[in-house]
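Read through the structure below, which is laid out as structure tokens, and then see the notes.
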Amino acid sequence: MNIDFSVAWQYLPILLEASVMTVILTVLSQTIGTVIGFLMALGRVSAFGWLRTLVGIYVWIIRGTPLLLQLFFVYYAAPAIGVTLDAFPAAIIAMSASSAAYNCEIFRAGIQAVHRGQIEAAQAVGMTYARIVRHIIVPQAMRIIVPPYMSNFISHAKNSSMASVITVQELMLTAQMIYSSTYRAIEILTVTGAIYLFLTSCLTGLQLYLERLTSYEERGLSRRRRRQLLLDRPVIGIAA
Amino acid sequence: MRQQIIEIQGLRKRYQNGVQALDGIDLVVAPREVVCLVGPSGSGKSTLLRCINFLEEPSSGVVRVDGRRIGFKEGDGPPRRLAARNIAAMRAEIGMVFQLFYLWPHMTALENVVLGLVSVKGYAVGEASRIGQEMLRKVGLSDKLEAYPEHLSGGQRQRVAIARALAMRPKVMLFDEPTSALDPELVGEVLAVMEQLAAEGMSMLIATHEMDFARKVAHRVVFLDKGRIVEMGTAGEIFDRPRHDRLKRFLERVGK
Numbered sequence: 053m054n055i056d057f058s059v060a061w062q063y064l065p066i067l068l069e070a071s072v073m074t075v076i077l078t079v080l081s082q083t084i085g086t087v088i089g090f091l092m093a094l095g096r097v098s099a100f101g102w103l104r105t106l107v108g109i110y111v112w113i114i115r116g117t118p119l120l121l122q123l124f125f126v127y128y129a130a131p132a133i134g135v136t137l138d139a140f141p142a143a144i145i146a147m148s149a150s151s152a153a154y155n156c157e158i159f160r161a162g163i164q165a166v167h168r169g170q171i172e173a174a175q176a177v178g179m180t181y182a183r184i185v186r187h188i189i190v191p192q193a194m195r196i197i198v199p200p201y202m203s204n205f206i207s208h209a210k211n212s213s214m215a216s217v218i219t220v221q222e223l224m225l226t227a228q229m230i231y232s233s234t235y236r237a238i239e240i241l242t243v244t245g246a247i248y249l250f251l252t253s254c255l256t257g258l259q260l261y262l263e264r265l266t267s268y269e270e271r272g273l274s275r276r277r278r279r280q281l282l283l284d285r286p287v288i289g290i291a292a
Numbered sequence: 159m160r161q162q163i164i165e166i167q168g169l170r171k172r173y174q175n176g177v178q179a180l181d182g183i184d185l186v187v188a189p190r191e192v193v194c195l196v197g198p199s200g201s202g203k204s205t206l207l208r209c210i211n212f213l214e215e216p217s218s219g220v221v222r223v224d225g226r227r228i229g230f231k232e233g234d235g236p237p238r239r240l241a242a243r244n245i246a247a248m249r250a251e252i253g254m255v256f257q258l259f260y261l262w263p264h265m266t267a268l269e270n271v272v273l274g275l276v277s278v279k280g281y282a283v284g285e286a287s288r289i290g291q292e293m294l295r296k297v298g299l300s301d302k303l304e305a306y307p308e309h310l311s312g313g314q315r316q317r318v319a320i321a322r323a324l325a326m327r328p329k330v331m332l333f334d335e336p337t338s339a340l341d342p343e344l345v346g347e348v349l350a351v352m353e354q355l356a357a358e359g360m361s362m363l364i365a366t367h368e369m370d371f372a373r374k375v376a377h378r379v380v381f382l383d384k385g386r387i388v389e390m391g392t393a394g395e396i397f398d399r400p401r402h403d404r405l406k407r408f409l410e411r412v413g414k
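Going down the list, the protein sequences come from chains A and B. The first sequence maps to residues 53 to 292 in the numbering used here. The second sequence maps to residues 159 to 414 in the numbering used here.
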């Protein structure tokens, strides 16, 4: 068996171009899935039983069926209700829906990890629910959420390869097309794998950065925050 | 009649699990008055405090703070429940200190004190920080402004919690067993701060097991048992000349 990477080298620009589509698919659907997942997580812990049930059913269905099936379903079911969807929007819808379900559960765990007493302390100071979410729940939930959220993000990036089955011209489909015409599967798959590995490594880097960002007591106050709080100047006494 | 700072009439609270935590409480706290609530655990002290700032919604009865009905809007017809925003605004005028402090662990001591001023009262961060630093100085923690709660002792945490409540300039302070979770050697520093507050004329309602403190600071002591006020009087009347058997037994048990 002869291995010849010159073919892979020759097709590298095309593979890189296709990986742009993979990045767009992943980041766009993960972003939409993050926003919707966050709102659903708030619904999942809300005081309204019907809302908790509704979100629970959604998570149950989406998490319990294969993404591959969901991709086909959106792609083929849309025309049945009179909408024609291109492959790309269909993929974005299916992948966002999937991302939202997983993120909902991750966010819920983060929110529920914040002690009830801390929320009561915020209520006692007179904070409204929106402010409590912003100042008390989200910053603390963040550090709990980051590792599972990023794990999920990495899975999601790899799962974007499934969009190839509905003809989205992303990295995996492009690779398949190249090796089926050049018969250089090993070389092309090796290079493609390296590109995936590079993309997911970026996400691992992002995870490390976010973990550092949320480890507040090791970093202490930022210089900007200290300036805002007037801690960068000698204490000025005021009348009690 | 002189305006009372807290007025409670016929307050009852029954939890969903069927426990009758409060069974008809009538109580007033006058401005500048310090009232201590004593009684066995489960007697309703906590629930009473939590009904005053509407962390618990009373099953029936009326609570007023500075003349305003808590949680409800009164006018023509039956009282209507206030919107969440208005309930929050009412709570901002009532300081509360919890047994387990409940500082926000992701913020420094100063930020814990400043957050309410900025996010509820709309102060600029710099101005809020001046007030926050002043409050932390008042509770003896000027050197801990940038410390995170996990690096503070229990007594220090509770003093930050008191500063956090005081910064809002509340009309009344509620204390829910503020020293019960502290190591014995740390109790004194928290009581000293509270004693100073009392001396400055803050209206205070304090659930406590610290009988010596109650004797020293309280204008009135209220003995609660099974959700009712059993006996009420000066510290001398309650501790030295108890009338009811239940109070006598309670005092024997706590060894006073």
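Just so you know, even glycine gets a beta-carbon here, dropped at the ideal spot from N, CA and C.
Within the DSSP bridge table, the entry for Q178 (chain B) names B:R172 as partners. By the Cβ test, the stretch 75-82 of chain A is in contact with the stretch 143-152 of chain A, since at least three Cβ pairs between them sit closer than 8 Å. Within the stretch 168-202 of chain A, those residues whose Cβ lies closer than 7 Å to any Cβ of chain B are, in chain order, G169, Q170, E172, A173, Q175, A176, V177, G178, M179, T180, Y181, R183, H187, I188, P191, Q192. The DSSP assignment places complete beta strand (DSSP E) segments of no fewer than 3 residues inside the stretch 220-271 of chain B at 252-255, in order along the chain. For R227 (chain B), the closest Cβ of chain A is not nearer than 7 Å. Residue nearest to I184 (chain A) within the set A:S207, A:H167, A:L249, A:I197 is A:H167 (criterion: CA-CA distance). Taking the Cβ atoms as the reference, L261 (chain B) lies roughly 6 Å from V318 (chain B), within the contact range of under 8 Å. In the three-state scheme derived from DSSP, where H, G and I count as helix and E and B as strand, F381 (chain B) is classed as strand. Distance from the CA of L332 (chain B) to the CA of R404 (chain B), rounded to the nearest whole angstrom, comes to 25 Å. At least one CB of chain B lies nearer than 7 Å to the CB of E269 (chain A). In this structure, the beta-carbon distance from I188 (chain A) to Q175 (chain A) does not fall below 7 Å.
For G284 (chain B), at least one C-beta of chain A is nearer than 7 Å to its own C-beta. Each of B:G346, B:E165, B:R386, B:G233 was checked against the Cα of V221 (chain B), and the nearest Cα belongs to B:E165. When C-beta atoms of the stretch 213-220 of chain B are compared with those of the stretch 162-181 of chain B, three or more pairs fall below 8 Å, so the two segments count as touching. Proximity of chain A to R243 (chain B) at the Cβ level (cut-off 7 Å) is accounted for by T180, in chain order. With respect to the C-alpha of C194 (chain B), the residue from B:G202, B:G233, B:L363 having the closest C-alpha is B:L363. DSSP lists no beta-bridge partner residue for C209 (chain B). L137 (chain A) and P131 (chain A) have their C-alpha atoms spaced approximately 7 Å apart. For Q162 (chain B), the three-state secondary structure derived from DSSP is coil.
In the three-state scheme derived from DSSP, where H, G and I count as helix and E and B as strand, G200 (chain B) is classed as coil.
By the Cβ criterion, the stretch 93-110 of chain A is not in contact with the stretch 233-248 of chain A, since fewer than three pairs of Cβ atoms, one from each stretch, lie closer than 8 Å. L281 (chain A) belongs to the set of residues whose beta carbon lies under 7 Å from a beta carbon in chain B. Close partners of G272 (chain A) in chain B (Cβ separation under 7 Å): E304.
A residue is called buried when at least 16 other Cβ atoms come within 10 angstroms of its Cβ; I113 (chain A) does not meet this threshold and is exposed. Proximity of chain A to S287 (chain B) at the Cβ level (cut-off 8 Å) is accounted for by Q280, L281, L282, L283, in chain order. Secondary structure note for D334 (chain B): its beta strand (DSSP E) is the uninterrupted segment 330-334. Below the 7 Å Cβ cutoff, chain A contributes M179, R183, H187 as neighbours of S277 (chain B), in chain order. R386 (chain B): not part of any alpha helix (DSSP H); member of the beta strand (DSSP E) spanning 386-391, first to last residue. When 7 Å is used as the limit between beta carbons, L363 (chain B) is near no residue of chain A, the shortest such separation being about 14 Å. Taking a cut-off of 8 Å for Cβ pairs, the stretch 214-226 of chain A and the stretch 56-71 of chain A touch, as three or more such pairs fall below it.
Taking the Cα positions, H402 (chain B) is about 23 Å away from V375 (chain B). If you ignore the 5 residues before and after P237 (chain B), its C-beta comes within less than 8 Å of the C-beta of R227, F230, K231, all in its own chain and listed in chain order.
Here L185 (chain B) is buried, its C-beta having at least 16 other C-beta atoms within 10 Å. Among the residues of chain A, none has a CB under 8 Å from the CB of F230 (chain B); the nearest is roughly 17 Å distant. Around the beta-carbon of D334 (chain B), 16 or more other beta-carbon atoms lie within 10 Å, marking it buried. Per DSSP, the continuous alpha helix (DSSP H) segment holding A139 (chain A) begins and ends at 139-164.
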